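Engineer: Numbering (this note's numbering), first residue to last: 32 to 74.
C-beta atoms are modelled at their ideal positions from N, C-alpha and C, and glycine is treated no differently.
Note that the structure is predicted; figures quoted are calculated from it, not measured.
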């Protein structure tokens, strides 16, 4: 029983990490789209 709880906790942590990575990628894509749209130079 204890191992199941630990496994679920690991899965949850893994999902959180994947979500954080996706958010980072999305932020970079939005940033690039904004720069392309406004002709703003990269800082």
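Measure the alpha-carbon distance for residue 49 versus residue 69 and round it to whole angstroms.
Structural biologist: Here residue 49 is taken as the residue at index 18 of the chain shown, counted from 1. Here residue 69 is taken as the residue at index 38 of the chain shown, counted from 1. Straight-line Cα distance between these residues: approximately 30 angstroms.
Engineer: What I want to know is whether the C-beta of residue 67 ends up closer than 8 angstroms to one or more non-hydrogen atoms of the ligand NAD.
Structural biologist: For the structure depicted, the ligand NAD is absent and the ligand set is empty, with no information on it obtainable.
Engineer: Does any residue of chain D bring its CB to less than 9 angstroms from the CB of residue 61?
Structural biologist: Of the chains in the structure shown, none is chain D; there is only one protein chain.
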